[in-house]
Amino acid sequence: MVQINDISEMMGELNKESSIQALGSKTGVDASILPKLAVVAIPLILRALSKNAESKAGKDSLSDALEKHKGQTKDVSSIEDVFKKVDTDDGDKILDHAFGDKDKVVDQIAAQTGISKSEVATVLASMAPMILGMLADKKDADGLDADGVAKQTDIFSKQAEETATSNFDITDLFPKQSGTTTPSATGGLGGILGSILGNLF
Numbered sequence: 001m002v003q004i005n006d007i008s009e010m011m012g013e014l015n016k017e018s019s020i021q022a023l024g025s026k027t028g029v030d031a032s033i034l035p036k037l038a039v040v041a042i043p044l045i046l047r048a049l050s051k052n053a054e055s056k057a058g059k060d061s062l063s064d065a066l067e068k069h070k071g072q073t074k075d076v077s078s079i080e081d082v083f084k085k086v087d088t089d090d091g092d093k094i095l096d097h098a099f100g101d102k103d104k105v106v107d108q109i110a111a112q113t114g115i116s117k118s119e120v121a122t123v124l125a126s127m128a129p130m131i132l133g134m135l136a137d138k139k140d141a142d143g144l145d146a147d148g149v150a151k152q153t154d155i156f157s158k159q160a161e162e163t164a165t166s167n168f169d170i171t172d173l174f175p176k177q178s179g180t181t182t183p184s185a186t187g188g189l190g191g192i193l194g195s196i197l198g199n200l201f
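Dropping the structure here:
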């Protein structure tokens with residue numbers, strides 16, 4: 001059984017053929033780019049949620065939102081089960097709240113990767129409910145208050161970024177970066193996420 005509240009294990013599942021097929025069926029995105037785009041989406045969404053939770057209002061809002069997502073990732077047999085049940089309409093709402101300007105984020109990722117806006121938007125909307133479900137079940141299991149939720153979101157964000165950087169080669173996902181500078185030369189994944197979110201916060 002995959003531990004959805006374990007970031008490294010959850011992201012590792014994205015390399016499995018069964019997971020790719022399940023997410024591919026949900027999104028219609030080509031299997032050759034799907035895992036890498038999903039791996040970028042996870043720390044991107046978590047970083048945005050963490051940034052929002054720096055204020056008291058943001059902490060309270062996130063903590064309240066998690067109450068609606070409890071049980072989504074608990075006791076699942078595989079990450080494919082989560083993907084099959086994901087509500088992308090709910091994902092869109094989560095992204096609107098997390099980013100403030102979801103379309104701007106989608107536009108930037110599409111411009112830097114060459115992936116269509118609709119594919120980027122669908123993958124992000126598919127990953128967002130899983131992330132909130134993971135946070136919700138962590139909050140429930142550990143009895144976290146709003147401050148605890150904010151701290152845990154920041155921990156997950158850093159773990160996700162580290163896992164993506166250490167275990168996935170996403171440099172070829174961003175061929176349209178300006179000049180000859182590669183993502184690794186501009187701060188790796190952290191630099192990419194910062195550039196995508198920089199105009200929103």
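Note that the UniProt record's numbering gives residue 8 to position 8 of the sequence shown, counting from 1, and the numbers run on in steps of one. Glycine residues also receive a C-beta, built at the ideal position from the N, C-alpha and C atoms.
Touching by the beta-carbon criterion (3+ pairs, under 8 Å), the segment 117-127 and the segment 8-22
The segment 117-127 vs the segment 8-22: no contact.
Q) Exposed or buried, which one is T180 when buried takes at least 16 other CB atoms within 10 Å? A) For the purposes of this step, residue 180 is identified with residue 180 of the sequence shown, where counting begins at 1. Note that T180 scores a pLDDT of 37, beneath 50, so its modelled location is shaky; the value from the coordinates is reported in the next line. T180 is exposed by the Cβ-count criterion.
| said: Three or more C-beta pairs under 8 Å: does that hold for the segment 39-51 against the segment 124-141? | reply: The count of Cβ pairs closer than 8 Å, one atom from the segment 39-51 and one from the segment 124-141, reaches three, so the stretches are in contact.
Practice problem: Please classify N167: is it buried, with 16 or more other beta-carbons within 10 angstroms of its beta-carbon, or exposed? | Solution: Reading the sequence shown from its first residue, position 167 is the one you call residue 167. With fewer than 16 neighbouring CB atoms inside 10 Å of its own CB, N167 falls in the exposed class.
Collapsed DSSP secondary structure at E80 in the structure displayed | Counting from 1 along the sequence shown, the entry for residue 80 is found at position 80. Look at E80 here: in three-state DSSP terms it is helix.
- prompt: Given a threshold of 16 other Cβ atoms within 10 Å of its Cβ, counted over all protein chains shown, does K56 qualify as buried or as exposed?
  reply: Here residue 56 is taken as the residue at index 56 of the sequence shown, counted from 1. So K56 ends up on the exposed side.
With burial defined as no fewer than 16 other Cβ atoms inside 10 Å of the residue's Cβ, what is the status of S25: buried or exposed?
Your numbering for residue 25 matches position 25 in the sequence shown. Within a 10 Å sphere around the beta-carbon of S25 sit fewer than 16 other beta-carbons, which makes this residue exposed.
Quiz item: How would you call K84, buried or exposed, if buried means at least 16 neighbouring beta carbons within 10 angstroms?
Solution: By 1-based counting over the sequence shown, the position of residue 84 is 84. Of the other Cβ atoms in all chains shown, fewer than 16 fall within 10 Å of the Cβ of K84; this residue is therefore exposed.
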